[in-house]
Amino acid sequence: MRETEEIHSSIDVLCQHVDKLKVQVYDMVTKKYLDFYPQFSRAAELSGNVDKVAMEMKDLSDKIEDKIKSQLNTSTEFLQNLTVKFQEKAALMAILEDLMKIQDGLETLASANENQDYLKAAEAVTAIDSLLPSAIKNHDDVQIFKALRTEFHVQKADLEINLKNRWKDLIVWRVEDSNYLDKKNYELEIACGEANVKVLTEIVSVYERLGLLNEEIKKFGGNLLDNFLKPCITDKETALSNPKGHHLATTWGHSSRVVPPAPCNAFSKINVILAALEKSLLHIKVESNSKRSLMEILGTHIRKATLEILVKDCLTRAIPTNTKELEAFEEVIHLTISFNENLVKLGFITEAETTLLDFTQNVSMLFANKKCQEILEKARKLMTTDTHNTVEVNGDAPLGDLPPLGKDGPSQEKSRKLEMAKEYQLSSNTFRLPSCHISVCVQELMCMAYSMLQEATESSSETAIQIFYAVRKMFEMFCYVFPTYHKKSLDTFPQLSAIFHNNCMFISHHLMTLGHQFRAKLPSNLNATFVDLVERIRKLGVQNFLQQLAKQKDLMSEYLQGAKGFANVSSGEVQVDAERAIKQMTHQLQHLQKVWQGVLPSMNYRKAIGMLLNSVVEEITGCVVVLEDISSDDALQLASLFKMLQDKSGPLMAATEKEKEEINVTVELQKNVSKWLRFKELIIILNANLMEISNRWADGKGPLANEFSANEVKMLIRALFQNTERRSTILLKIK
């Protein structure tokens, strides 16, 4: 019982001490963190008192456990009351202990931050961070803990600001105007010396503990990539200097027209940059389980972007587009492999990173891709240049000769067939390209196709196949790009429409045999032909030119409408309108002659101008035939107008100075203007009397009967002549 009384007395004393400490600690913490009164010496004294009381409570707890529990059977109720009372004060004491530990940690953090002892400050942050969440969770009703949390966040933020400011003092980025126009100097200077390296190492360690290292290195890597690595990779004009091991500077400008450096120069500059940084900063290792260096951490953030830029904007662009130059590119491949090994050695990339090695293994494919891209880019550029610059082409200057059909010459059976075929010779003009004008750009396009296919025969099988299909795609692209890009010009200008027609015929002519000429030297599994494109391209040119002809035909018809059907043409106003209509038509036909003749093949030109002239004379004849009354003055005036059209139609079919063959204009008119004789007969009728008309009819066997039906002749006679007995007699003969 005596021991029980002693414990009871001790608990009472401890309760008084705990209550007193509670008041003192609460008063101190409240004044310091809520009222912001200075309490430096008071906090240290209370911390000691809390520790002393905590020890006394521990001793008393041990005594209860060891000596008193054996008496629970005799004094259970009394001891349970003592235990409950003790536990209540113990819980209160736990709160006071947590408060004082957090308070001590905050004071340590503030002091270390002020003295730039960043490691000690980081340890304090770690300690407080481990206490504060559980304290708030276990004692969420104690408001003072929330004030301590706010104070902790403020001091932690101050520490981070001080760390970043110190980091900026030691790692300095500068941007200055250059002496060169539109260029700037970008500098990176890292503080050197044993003391500064020690501080950097300490800051890195603190950053890692606070979870800020990745963010800071990522930001550092972004600046390094944008202002140093990328300019050195993409622009050969970028100047890099490394006057000291800890100082780097670049001079470059923001321009849309940059030329990448040679890969060896880009590798050299990157090695200089990384070596300088590794020596001054990136060699520092992080105090973690992995023991990684800053170079490795930097690599995780920017190596992917750096290697992609290096491959896309430097190495790929350095790949030649000529097969002969590809052999010399082997040196670049060896340099790339060595550069990759150096990056692994530095720790910037891992051995598992294969971006550069993949590039070296795919050079042949990349060469073919680049070659094909170049072909299509050049082709598109040619297709979008002016089409009115033309050159004359003909069958005497083919772009290439056909190779022999067999490897060892024709067989005996083929020889016999060839001998038999000599008996039936084709015209020398068969399969020859007629003389005409094509666009210079299309001639260059076709020459490029021959050149590319020739290069394909000197390349590997894979490259040859890709080049062949690039040439095919070039002509497929012609079907879309050329008519779309030049649509307005083709619709507006008859000459350009004719040139486009020739362009399509020229391309089709060569595509007929283009694949055959190179098939023997291309891979055997390649179906080297362009024949399927011939009809498509030919149709494109024909349709466009037919649309132009339809437009010109509508224009002629519009002019004819001004003649008002040629009725009462001898009256003043109608006479002027009819004469204007004829002159407008002849003027337009002469204009078309000027822009088409010599451009189109002579046969195509005469067919085209003949078709338009035929539509004119057909419409004129149709208008006159349906007239119910044609006075003698009207007949004379009509004959005069139509004779003017007849006289001006002949020169439309005349030969040019370059045409060697003599052209019979009359024959060409009758050949290409199907209604020409009908038009001539109409002029004769307008000038003839009844007897002459009867003679030309000749009982349905004369020239008039070949062009006009009996009913049409009767209508003309009734319109031209008065109703007399003689007219009736003639009308009876017309049947």
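The sequence shown runs contiguously to residue 892 in our numbering. Every residue gets a Cβ at the ideal spot worked out from N, C-alpha and C, and that includes glycine. Fair warning: this is a prediction, and the values are worked out from it, not measured in the lab.
In the DSSP assignment, Cys593 forms a beta bridge with Val550. The residue from Ser521, Phe505, Gly456, Glu372 with its alpha-carbon nearest to that of Glu482 is Ser521. For the options Asn880, Lys321, Ser592, Asp286, the alpha carbon positioned closest to that of Leu305 is the one of Asp286. A Cβ-Cβ separation of about 6 Å places Met634 in contact with Ala536 under the 8 Å criterion. Residue environment analysis places Ser618 among the exposed positions, since fewer than 16 neighbouring C-beta atoms fall within 10 angstroms of its C-beta. As DSSP reads the structure, Thr407 sits in a beta bridge with Tyr343, Leu397.
By the criterion of a C-beta distance shorter than 8 Å, Met760 is surrounded in its chain by Pro591, once the five residues flanking it on both sides are discounted. Nearest to Ala792 by alpha-carbon distance, out of Val781, Leu802, Leu647, is Val781. Judged by DSSP in its simplified three-state form, Val332 adopts strand.
If you look at Lys832, you'll find it isn't in any alpha helix (DSSP H); DSSP assigns it neither H nor E. Shown here, Gln709 sits in a helix according to DSSP, grouped into three states. In terms of Cβ geometry, Glu344 and Leu405 form a close pair [threshold 8 Å]. Beta bridge pairing from DSSP links Leu757 with Gln754. The residue among Lys538, Gly378, Ser425, Gly379 with its C-alpha nearest the C-alpha of Ala396 is Ser425.
Counting the other CB atoms within 10 Å of its CB gives Lys858 a total below 16, which places it among the exposed residues. For Lys442, the secondary structure class from DSSP, reduced to helix, strand or coil, is strand.
In this structure, Met810 keeps its C-beta atom at 8 Å or more from the C-beta atom of Val773. Judged by beta-carbon spacing, Leu847 lies beyond the 8 Å limit of Ile891, meaning their Cβ atoms are not closer than that value.
Here Leu370 is buried: its Cβ has 16 or more other Cβ atoms, across all protein chains shown, within 10 Å. Taking each of Gly767, Gly378, Tyr364, Val489 in turn and checking the Cα distance to Val824, the smallest one comes out for Gly767. Ranked by Cα distance from Val443, the first of Tyr364, Ser437, Asp392 is Tyr364.
In this structure, Val699 sits away from His666, with a CB-CB distance that is not shorter than 8 Å. Collapsing the DSSP output to three states places Ser450 in a strand.
The Cβ atoms of Ile360 and Ile347 lie no closer than 8 Å to each other.
When DSSP states are grouped into helix, strand and coil, Arg414 belongs to the coil group. Its chain contains Ile840, Leu843, Asn844 as the residues whose beta carbon lies nearer than 6 Å to that of Ala796, once the 5 sequence neighbours on both sides are disregarded; these appear in chain order. The alpha-carbon separation between Lys721 and Glu601 amounts to approximately 50 Å.
Ile430 and Ala284 have their C-alpha atoms spaced approximately 39 Å apart. In the three-state scheme derived from DSSP, where H, G and I count as helix and E and B as strand, Pro651 is classed as helix. Annotated three-state conformation of Lys355 is helix, per DSSP. The shortest C-alpha to C-alpha distance from Met713 to any of Glu510, Gln747, Leu514, Ser608 is the one to Gln747.
Between the C-alpha atoms of Ser788 and Leu770 there is a straight-line separation of about 27 Å. Taking C-alpha positions only, Gln718 is separated from Arg737 by approximately 11 Å.
The three-state secondary structure of His545, taken from DSSP, is coil. Look at the beta carbons and you see the stretch 314–322 not touching the stretch 348–355: under three pairs across the two are nearer than 8 Å.
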